[in-house]
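Participant:
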Amino acid sequence: MKTSLSFLIGLFLVLTHVVTGQNIYKFNLQKLGDGYTLSNAKLLTGFNKGGINTDPSFMQDGKLLIVSNHFDKNQLDVLQLDIARKTITRITHTDVTERYPVELGDKTHFSTILKEQSGTSFHKYPLDRSSKGSTIAPNLRSLNAYAWVRFGECYILEGKGVNRLSFVDLVDSSNGLRMLDNVGESIQVDKYKNLVFTQKLSANNVLLKKYDVKRKEYKTYSKTIDNTQIIAYTQDHKVLAASGSKLYVFNLAATSIWEEVADLSKYGINKVGQLLVNKGQLIVVDKS
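Residue numbers (numbering that gives the first Met the number 0): 0 to 287.
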């Protein structure tokens, strides 16, 4: 079940190319005043360039989990990218599509959304591929995204065309809570273990918001730049947002405005679909 091979990762600075699928890039992200500067652009998915490569998440050891159709063009499986060693490991090989893999706190399993013909379910697999894993929550209504705050405490988005944010307590189901509708899929957890997310009130009114988990209170920071819902949280308590090829930053700790960080079109990235930030690294999914 395990497949490992060398892949073309960061062998060149991508300047001009045509992308027909979804590709994943890595940048070094460094502070520059109140903003950031990007450097050392690398294509991480040259092994499947033009295919579907999406849903990146960092593991605690610095590897990446992604979803890709590299091994099966008709469905999405979970792959592990070891950036340092330049290898790919196929983690799942199933007849269903997986989305949004996230390593769990025990470092031995990851959670994922299973997209089946009968609907969606919330599942966990062992990273060593020793078993078929187990279901966390079955028969969910179009599960679209999720975020762990602590193990056993999860916030999920479900519902076709609704994206309803709900709290799920896997230890005590009586603590479940239905919250807001029309929430963006980029649910972030800040350094205080609160949620940072977007909510679309209308096509021209998308808000950047916080949910204080302990106080159960909401705070609205601002409208998002260009009404985007593509955001990523940084550990210096700022939010990066993407609109088209451009990146912007918003400081959550101070009265702020959205300020442009970079234009990624010079790297051939014209439509950012997802962002991920971890320890000075910026991961960008390009949907150009």
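The beta carbon of each residue, even a glycine, is placed where N, CA and C say it ideally should be.
Any chance the stretch 30 to 39 sits against the stretch 65 to 77, with 3 or more Cβ pairs inside 8 Å?
Facilitator: Flag = no, the stretch 30 to 39 and the stretch 65 to 77 do not touch.
Participant: Quick test of your reading: V205 and K222, contact by CB under 8 Å. State the CB separation rounded to the nearest angstrom.
Facilitator: In this structure, V205 and K222 form a Cβ contact; the two beta carbons are roughly 6 Å apart against a cut-off of 8 Å.
Participant: On a Cα-Cα basis, can you pick out the residue from R149, F121, S130 that is closest to A136?
Facilitator: F121
Participant: Any contact between the stretch 258 to 278 and the stretch 227 to 240? By contact I mean 3 or more CB pairs, one from each, below 8 Å.
Facilitator: The answer is yes - the stretch 227 to 240 touches the stretch 258 to 278, with three or more Cβ pairs under 8 Å.
Participant: Can you list, in chain order, the residues of its chain whose CB lies under 7 Å from that of L80, leaving out five sequence neighbours each side?
Facilitator: L43, K62, L63, I65, I87
Participant: Rounding to the nearest angstrom, what Cα-Cα distance links Q280 and N174 in this structure?
Facilitator: 36 Å
Participant: Specify the secondary structure class of D285 as computed by DSSP and reduced to three states.
Facilitator: Look at D285 here: in three-state DSSP terms it is strand.
Participant: Please return the same chain residues whose Cβ sits closer than 7 Å to the Cβ of N22, not counting the five positions on each side in sequence.
Facilitator: In the same chain as N22, and ignoring 5 residues on each side of it, the C-beta atoms closer than 7 Å to its own belong to L42, T44, K48, N52, D285, in chain order.
Participant: Please report the distance separating the alpha-carbon of G243 from that of I282.
Facilitator: Just so you know, the alpha carbons of G243 and I282 end up roughly 15 Å apart.
Participant: Would DSSP call N193 helix, strand or coil?
Facilitator: coil
Participant: From the DSSP output, which residues share a beta bridge with Y247?
Facilitator: A240, E259
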